[in-house]
Amino acid sequence: MDLVYDVQWAKKAGCKVIGTCSSDEKVEFLKGIGCDRPINYKKENMKDILKSEFPNGVDVVYESVGGEMFETCVDSLAVKGRLIIIGYISQYTGENKLLEVKPDLPRKLLTKSANIGGFFMPHYMNLIPEYVKKLVTMKLQNEIESSVDQGINAPSKFVGIDKLVDAVEYMYSGKSRGKVVVELNPSS
């Protein structure tokens, strides 16, 4: 999944888009790609904001963090809301232990007629050609924008195969914006 495209596709479908991030710089980035309500979870209480600004809940959630963020998203679902798990980056670095599902999760889902599903890209490989074609067409027609990050907030650009590990660490650091790209064959 790509946040930049997700936001733009949701906006084209008429959705009000909420995005979460960890810095004021990323708040501006989210606004720039069309996000209606960016939430800097390092400065703002996401649970309180969702409760006050979206009292009826959120219809669709793409959840990629896991842990406490997952719990907040479940609590913020609307009646008949859907939460789609697309990752759990809080677990990738090994710093946080996997948050166990709380016993009241079934009750929370039942009382809202809500549901949770997973989206794991390898199970949808057959659809990639169709959606890549759509993305390319939309990009060529200037209907969507893309964002490539070769180390905007890193000590140096990611050039060469030896920078692959640095790029992955950079992605997990929370400093990246858009797709992190390593240039393998630099044209000098």
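Residue numbers for the sequence shown follow UniProt numbering, so the first one is 1 and each next one is one higher.
Virtual Cβ for every residue (Gly too), placed ideally from N, Cα, C.
What you are looking at is a predicted structure, and each value in this text was computed from that prediction instead of being measured.
**Message:** Between which residues of its own chain and G117 is the CB-CB distance below 8 Å, once the five residues before and five after are set aside?
**Reply:** R82, L83, I84 and I85
**Message:** Going by beta-carbon coordinates alone, are S147 and R107 separated by less than 7 Å?
**Reply:** no
**Distance between H123 and M171 (C-alpha atoms, nearest Å)** = 24 Å
**Own chain residues within Cβ distance below 6 Å of C35, not counting five before or after** = V7, V17 and G19
**Message:** Taking 7 Å as the threshold (C-beta atoms), are I39 and V4 in contact?
**Reply:** no
**Request:** Go through its chain and collect everything with a Cβ distance to V29's Cβ below 6 Å, but skip five positions before and after it.
**Result:** Before going further, note that residue 29 is Phe rather than Val in the sequence given. Excluding positions up to five away in sequence, the list reads R177.
**Asked** Taking C-beta to C-beta, are G78 and V58 nearer than 7 Å?
**Response** The residue asked about is misnamed: residue 78 is Ala in this sequence, not Gly. In contact: A78 and V58 (Cβ atoms closer than 7 Å).
**Request:** May I ask you to list the residues that DSSP assigns as paired with D149?
**Result:** V180
**Asked** D104 to G14, Cα distance in whole Å?
**Response** 33 Å
**Item:** Presumed contact (8 Å Cβ cut-off) between S90 and V74, rounded CB distance
**Value:** The pair is not a contact, with the Cβ atoms about 15 Å apart (cut-off 8 Å).
**Prompt:** Based on the DSSP output, what are the partners of I20 in its beta bridges?
**Reply:** Checking the displayed sequence, the identity of residue 20 turns out to be Thr instead of Ile. Answer is I39.
**Message:** Let me confirm a value: S76 is counted as buried when at least 16 other C-beta atoms fall within 10 Å, else exposed. Which label applies?
**Reply:** buried
**Item:** For A154 and E25, the rounded distance between their alpha carbons
**Value:** 15 Å
**Message:** I'd like to know whether the C-beta atoms of V182 and K163 end up nearer to each other than 7 Å.
**Reply:** yes
**Message:** Taking CB distances under 7 Å as the criterion, tell me whether Y172 reaches chain D.
**Reply:** Among the protein chains of the structure shown there is no chain D, as only one such chain exists.
**Prompt:** Between the beta-carbon of F70 and the beta-carbon of E63, is there less than 7 Å?
**Reply:** yes
**Message:** In whole angstroms, give me the CA-to-CA distance for S23 and A167.
**Reply:** 20 Å
**Message:** Along the chain, where does the alpha helix (DSSP H) containing residue 190 start, and where does it finish?
**Reply:** The first residue shown for the chain is 1 and the last is 188, placing residue 190 beyond what the model contains.
**Message:** Can you find the residues in the same chain that come closer than 6 Å, C-beta to C-beta, to D149, ignoring five residues on each side of it along the sequence?
**Reply:** S176, R177, G178 and V180
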